[in-house]
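Data block below; observations after.
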Amino acid sequence: MPEKKTRERERDAGVLVVGLGRFGSAIAGTLDRLGQDVLAVERDERLVAQWSGRLPLVEADASNPEALEQLGARDFGVAVVGVGTELEASVLITGNLVDMGTPQIWAKAISAEHGRILTRIGAHHVVFPESDAGSRVAHLVSGKMLDYIEVEDGFTIVKMRPPKEMQGFTLAQSDIRKKYGVTVIGVKSPGTEFIYATPETRVSANDLLVCSGHAELLERFSARP
Numbered sequence: 001m002p003e004k005k006t007r008e009r010e011r012d013a014g015v016l017v018v019g020l021g022r023f024g025s026a027i028a029g030t031l032d033r034l035g036q037d038v039l040a041v042e043r044d045e046r047l048v049a050q051w052s053g054r055l056p057l058v059e060a061d062a063s064n065p066e067a068l069e070q071l072g073a074r075d076f077g078v079a080v081v082g083v084g085t086e087l088e089a090s091v092l093i094t095g096n097l098v099d100m101g102t103p104q105i106w107a108k109a110i111s112a113e114h115g116r117i118l119t120r121i122g123a124h125h126v127v128f129p130e131s132d133a134g135s136r137v138a139h140l141v142s143g144k145m146l147d148y149i150e151v152e153d154g155f156t157i158v159k160m161r162p163p164k165e166m167q168g169f170t171l172a173q174s175d176i177r178k179k180y181g182v183t184v185i186g187v188k189s190p191g192t193e194f195i196y197a198t199p200e201t202r203v204s205a206n207d208l209l210v211c212s213g214h215a216e217l218l219e220r221f222s223a224r225p
């Protein structure tokens with residue numbers, strides 16, 4: 001029993017990042033800067049040379065299960081498969097990690113079909129970086145939103161300027177939750193710290209709002225003059 005607990009603690013630590021393209025390198029670099037225990041795996045000699053000395057890095061072909069075993073992949077609680085353009089390699093690597101029982105597997109997909117395959121073979125989280133980024137930018141350029149994060153199943157958090165009908169009123173007075181179905185989480189006034197919103201929070205024209213709700217409701221609300 002003690003041996004099992006020790007093994008579980010070991011697997012809880014560290015993130016294995018496979019593939020050092022733009023997506024994988026951004027994740028590995030950020031985790032490393034945050035002080036996380038991260039190990040990157042890359043088979044392309046050019047990318048290995050580019051990142052050598054900048055990240056904890058192993059040159060290996062992760063589509064080979066023996067290579068993953070040798071680099072200690074079983075010791076990681078989280079794995080990120082950043083390989084996307086090579087569909088076969090992406091599926092093989094993800095499948096290898098599933099077979100090893102990796103507790104959390106995040107895998108990059110470049111299409112809906114690719115994502116469905118990764119989900120079916122056992123990836124816990126499938127990420128569509130290009131599609132997600134495109135959707136986010138579309139929302140930012142088409143309205144008054146200053147930031148846009150879709151969390152799950154349409155639930156979204158946005159940063160925006162307040163519509164005129166809110167300016168000079170408290171949240172209780174404007175009652176936007178009842179009118180538009182969105183919730184103001186917090187308010188940031190110029191030169192002050194972010195505060196969590198209460199019914200008594202008064203909104204001015206120069207404030208920034210952080211709001212949550214369904215994407216469609218937030219889109220309608222942000223389009224208000």
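For the sequence shown, the positions run 1 to 225 when the UniProt record's numbering is used. Note that CB positions come from ideal geometry on N, CA and C, so glycine has one too.
Only counting runs of 4 or more residues, tell me where the alpha helix (DSSP H) segments fall wholly within the region 69-127, in order along the chain.
You should have 87-99, 112-121.
Do the CB positions of residue 230 and LEU118 come within less than 8 Å of each other?
Residue 230 lies beyond the stretch modelled for the chain, which goes from 1 to 225, so this question has no answer here.
Leaving out five residues on either side along the sequence, give the residues of the same chain with a beta carbon under 6 Å from the beta carbon of SER63.
So the qualifying residues of the chain are ALA89, LEU92, ILE93.
What's the gap between the Cα of GLU66 and the Cα of THR201?
A direct Cα-Cα distance of roughly 59 Å separates GLU66 from THR201.
Taking only the alpha-carbon atoms, compute the straight-line gap between ALA49 and HIS124 and give it to the nearest angstrom.
Just so you know, the alpha carbons of ALA49 and HIS124 end up roughly 31 Å apart.
Quick check on DSSP: helix, strand or coil for ARG11?
Unreliable placement is indicated for ARG11, whose pLDDT of 48 sits below 50; no coordinate value is reported for it.
Quick one: Cα of HIS114 to Cα of LYS188, how far?
Put simply, the backbone Cα of HIS114 is about 40 Å away from that of LYS188.
Same chain, Cβ closer than 6 Å to LEU68, five either side skipped, listed in chain order
Here the set comprises ALA62, ASN96.
Taking buried to mean at least 16 other C-beta atoms within 10 Å of its own C-beta, is PRO190 buried or exposed?
The residue is exposed, with fewer than 16 neighbouring Cβ atoms inside 10 Å.
Cα-Cα, which of LEU16, ARG120, ARG220, VAL41 is closest to ARG177?
Of the candidates LEU16, ARG120, ARG220, VAL41, the one whose C-alpha sits nearest the C-alpha of ARG177 is ARG220.
List the residues that DSSP assigns as beta-bridge partners of GLU150.
DSSP links GLU150 through a beta bridge to THR156.
To the nearest angstrom, report how far apart LEU209 and ASP153 are at their CA atoms.
When the Cα atoms are used, LEU209 and ASP153 turn out to be separated by approximately 22 Å.
Which one or two residues does DSSP pair with ALA40 in a beta bridge?
Looking at the DSSP output, ALA40 sits in a beta bridge with VAL17, LEU57.
Own chain residues within Cβ distance below 8 Å of PHE169, not counting five before or after:
If we look at PHE169 and ignore the five residues flanking it on each side, its Cβ neighbours are ARG202, VAL203.
Bridge partners - GLY186, DSSP secondary structure assignment
GLY186 is bridged by DSSP to TYR196, VAL210.
Would you kindly report the start and end of the unbroken alpha helix (DSSP H) that includes VAL48?
For VAL48, the enclosing alpha helix (DSSP H) covers residues 45-51.
Can you tell me which of VAL78, GLU59, ALA79 puts its alpha carbon nearest to the alpha carbon of GLN70?
GLN70 has its Cα closest to that of GLU59, out of VAL78, GLU59, ALA79.
Flag this pair as yes or no: are the beta carbons of PHE23 and PRO103 separated by less than 8 Å?
Contact: no.
Cα-Cα separation, GLN36 to GLY19
About 18 Å.
Could you check what DSSP says for VAL220 in three-state terms: helix, strand or coil?
Note that residue 220 is Arg in the sequence shown, not Val. Taken through DSSP and simplified to helix, strand or coil, ARG220 comes out as helix.
Buried or exposed for PHE76, please, with buried defined as at least 16 other CB atoms from any protein chain shown within 10 angstroms of its CB.
Under this definition PHE76 is a buried residue.
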